[in-house]
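Undergrad: Chains as they are written, first to last, in full-length UniProt numbering: chain P, 1 to 355; chain F, 1 to 134. We put the beta carbon where it would ideally sit given N, CA and C, even for glycine. Can you keep this structure in mind? I'll have questions shortly.
So this is what it looks like as structure tokens:
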């Protein structure tokens, strides 16, 4: 059947590249317009308008911002470790994008006889009649998303500035304390689903009109995971690494122009990833009415759910003031961690008696 | 104290605000209406084609920021008039004492509030620039 490379049909590679491009463009566009949406939504929540000048209701604002940032002067602080200083934005940005590789954003679509699962690292095996993906998908995401903090720590250290160093250290301390609870919150999902493959987790939430979502079975885990994710990606109210009131702007104090923008692209890309992951793990992924019958509806539901969660992120940002650092640590270690452990124990006990 | 309900209340309030009409004024396009008693840029009142000021020095005396410079001159009718009248807006605190102190109602404050300039020297308003525009 057609040309084969390394035992796989040509179409497999074409589909792979196409999926990578689609996902990349989706994340990039979402990141660009998330900055606009954030300013608009928070603006309206504070009874003001937000950007209005560039384009109709400020719609061209992300492009204007991009152009401005590209043409801004590049500043490298003297005495900074130049290599690490230039490397840091990349180290922050790349993990933010590659986490998207394992998230299923749709069901299986059929293109000229080939069945293509809408998941970058997924492959439909015709002989077995099912989708194969990375069977440790969630671990991959946890690993990759925790790599992003290296960029921030590197930026803080390489900038040769005390503010930046403090910001970077805060970021790492914060990441450790929240990554733990986030991981433990996910464990309860594994206990229910019995698998680490994201594709399989979505499939298990497909039945009975949404009431099979893990958010209904594990509401505490879902909320805790979302909160921990917000903290892990340094979103308000947990944006202590930047904390402009105390640290000027923390790890990115010494960064300007596009290098600065890359940190914020990373932050917003992380937000997309976290919302996509929450959708996948707790909100049924791409499932929705008719999603199995009409495969193209899958991505629509998926994107809708992701955007709703992103709206929630912005809503939280408009509402809550920034935590103090000790409050942040208190919440992470003394509230969320015990709660997630208790949740696991409860899940285990209930699971033992129901099975 | 229960930490959850305040957060939920806060979220409810911000969500309600989302549906309120914004109060933003689109400034350069829409002009704000300043109040009658707004204290903006000073102006020297004009009467019979010349400034009413009689150079009595009350305004520089009362000025807490010491930003007014007046020099008296004598005109053809041997009347005292302000040969030089300068206000340094970089020092002015817009308190309006000069207006209160003026015995002949020569100085007033207008609604003009766009006072940005590129050079420090441009902030020193001399008599010509202060004369009331009609």
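Run the CB neighbour count on residue 44 of chain F, radius 10 Å, all protein chains shown included, and call it buried at 16 or more, exposed below.
TA: buried
Undergrad: With a threshold of 8 Å between beta carbons, is residue 7 of chain F in contact with chain P?
TA: yes
Undergrad: Could you tell me whether the stretch 212–222 of chain P touches the stretch 254–274 of chain P, using the rule of 3 or more Cβ pairs below 8 Å?
TA: no
Undergrad: Determine, using beta-carbon pairs with one atom in the stretch 113–124 of chain P and one in the stretch 176–184 of chain P, whether at least three such pairs fall under 8 Å.
TA: no
Undergrad: Should residue 174 of chain P and residue 264 of chain P be called a contact, given that it needs their Cβ atoms to be closer than 8 Å?
TA: no
Undergrad: Suppose contacts are defined by Cβ-Cβ distances below 8 Å. Is residue 286 of chain P in contact with residue 104 of chain P by that definition?
TA: yes
Undergrad: In the DSSP assignment, what residue or residues form a beta bridge with residue 12 of chain F?
TA: DSSP output for residue 12 of chain F lists no bridge partner at all.
Undergrad: Applying a beta-carbon distance threshold of less than 7 Å, which residues of chain P neighbour residue 22 of chain F?
TA: 44, 47, 48, 49
Undergrad: When we look at the beta-carbon of residue 105 of chain F and count the other beta-carbons within 10 Å, is it buried (16 or more) or exposed?
TA: exposed
Undergrad: Along the stretch 303–320 of chain P, what residues have a CB closer than 8 Å to any CB found in chain F?
TA: Under the 8 Å Cβ criterion, the stretch 303–320 of chain P contributes 315, 316, 318, 319, 320.
Undergrad: Between residue 201 of chain P and residue 144 of chain P, which are expected to be in contact by the criterion C-beta below 8 Å, what is the C-beta distance as a whole number of angstroms?
TA: Contact flag wrong, Cβ pair sits at about 17 Å.
Undergrad: Beta-carbon of residue 11 of chain P versus every beta-carbon of chain F: anything under 8 Å?
TA: no
Undergrad: How would you list, in chain order, the residues of chain P whose beta-carbon sits under 9 Å from the beta-carbon of residue 17 of chain F?
TA: 44, 45, 46, 47, 318
Undergrad: Less than 8 Å between the beta carbons of residue 356 of chain P and residue 253 of chain P, yes or no?
TA: Residue 356 of chain P falls outside the range modelled here, since chain P spans only 1 to 355, and no answer is possible.
Undergrad: I need the DSSP call for residue 30 of chain F, collapsed to helix, strand or coil.
TA: coil
Undergrad: Which runs of the beta strand (DSSP E) at least 3 residues long sit entirely within the stretch 57–109 of chain F? Give them in chain order.
TA: 68–74, 80–88, 107–109
Undergrad: How do the stretch 319–335 of chain P and the stretch 47–64 of chain P stand: do at least 3 beta-carbon pairs fall below 8 Å, yes or no?
TA: no
Undergrad: How would you label residue 79 of chain F, buried or exposed, when you count the other beta carbons within 10 angstroms and need 16 or more for buried?
TA: exposed
Undergrad: Apply the 10 Å Cβ neighbour rule to residue 70 of chain P and answer buried if 16 or more other Cβ atoms are within range, or exposed otherwise.
TA: exposed
Undergrad: For the stretch 220–228 of chain P against the stretch 127–142 of chain P, do three or more pairs of beta-carbon atoms, one drawn from each stretch, fall closer than 8 Å, so that the two count as touching?
TA: no
Undergrad: Between residue 10 of chain F and chain P, is the shortest Cβ-Cβ distance under 8 Å, so that the two count as touching?
TA: Yes - at least one Cβ of chain P is within 8 Å of the one on residue 10 of chain F.
Undergrad: Between the stretch 80–92 of chain F and the stretch 54–65 of chain F, do at least 3 Cβ pairs fall closer than 8 Å?
TA: yes
Undergrad: Compute every distance between the C-beta of residue 128 of chain P and the non-hydrogen atoms of the ligand FAD, then say whether any falls below 7 Å.
TA: In the structure on display, the ligand FAD does not appear, and there are no ligands present to speak of.
Undergrad: Using beta-carbon positions only, say whether residue 148 of chain P and residue 266 of chain P come within less than 8 Å of one another.
TA: For residue 148 of chain P and residue 266 of chain P, yes; Cβs fall inside 8 Å.
Undergrad: Can you give the Cα-Cα distance for residue 14 of chain P and residue 338 of chain P, rounded to whole angstroms?
TA: 47 Å
Undergrad: Going by CA-CA distance only, name the one from F:5, F:108, F:71, F:39 that's closest to residue 114 of chain F.
TA: F:39
Undergrad: Please confirm whether residue 347 of chain P and residue 118 of chain P have their CB atoms less than 8 Å apart.
TA: Here residue 347 of chain P is not near residue 118 of chain P, since their CB atoms are 8 Å or more apart.
Undergrad: Which residues share a DSSP beta bridge with residue 47 of chain F?
TA: F:50
Undergrad: According to DSSP, what are the bridge partners of residue 227 of chain P?
TA: None, per the DSSP bridge assignment.
Undergrad: Is the CB of residue 140 of chain F under 8 Å away from at least one CB in chain P?
TA: Lying before the first or after the last residue shown, residue 140 of chain F is absent from chain F, which here runs from 1 to 134.
Undergrad: Could you check where the alpha helix (DSSP H) with residue 14 of chain P kicks off and where it finishes?
TA: Here the alpha helix (DSSP H) through residue 14 of chain P covers 10–45.
Undergrad: When the Cα atoms are used, what is the spatial distance from residue 88 of chain F to residue 70 of chain F?
TA: 12 Å
Undergrad: Closer than 8 Å between beta carbons: that is the criterion. Which residues of the stretch 52–77 of chain P meet it against chain F?
TA: 52
Undergrad: Give a yes or no on whether 8 Å exceeds the smallest Cβ distance from residue 69 of chain F to chain P.
TA: no
Undergrad: Any idea if residue 42 of chain F is buried or exposed, counting beta-carbon neighbours within 10 angstroms, 16 or more meaning buried?
TA: buried
Undergrad: Looking at residue 251 of chain P: is its Cβ nearer than 8 Å to the Cβ of residue 332 of chain P?
TA: no
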